[in-house]
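Position 67 of the sequence shown, counting from 1, maps to 1385 under the working numbering, and the rest follow consecutively.
Written out below as structure tokens is the structure these notes cover.
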Amino acid sequence: MPASWLSAVNAALPYVEALTKVALPAFGARRARDDADPRIAELETAARHNAEHIRELATQLEASLRALDQAAAATDAALRRQRRMLALCGLGTLLALALALAALLR
């Protein structure tokens, strides 16, 4: 059911942002080493960019989840209205049937 994974993602989303806040300074604080391999610097830069992109994606996902929650609430309200209308139509049909039967039996 979509609601189950939606709640799981909602629960995990704040931790993603916290992890990126912790990870960015760790990758940004590079110690100056004379014999440092340029591949390490390249990996640190890539990791920093990945962390920034993950933060952006988490923000976009959070906005999408808010929109999905709002749409789900609106759909639930519309479904409740439709069920009420269906019940009223059913009662009206039963009342009309009872009146028609009473008129036939009279």
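In this text, a Cβ means the ideal position worked out from N, Cα and C, and glycines have one as well.
Please read all numbers here as calculations on a predicted model, not as lab measurements.
If you draw a straight line from the Cα of Ala1385 to the Cα of Ala1391, it comes to about 10 Å.
A straight line joining the alpha-carbon of Leu1361 with that of His1371 spans about 15 Å.
If you draw a straight line from the Cα of Thr1411 to the Cα of Leu1404, it is about 10 Å long. With a beta-carbon spacing of about 13 Å, Ala1381 and Glu1335 fall beyond the 8 Å limit used to define contacts.
Ala1369 sits buried, since 16 or more C-beta atoms from the chains shown fall within 10 Å of its C-beta. When the Cα atoms are used, Ala1365 and Gln1400 turn out to be separated by approximately 51 Å. Assigned with DSSP and collapsed to three states, Arg1401 falls in helix.
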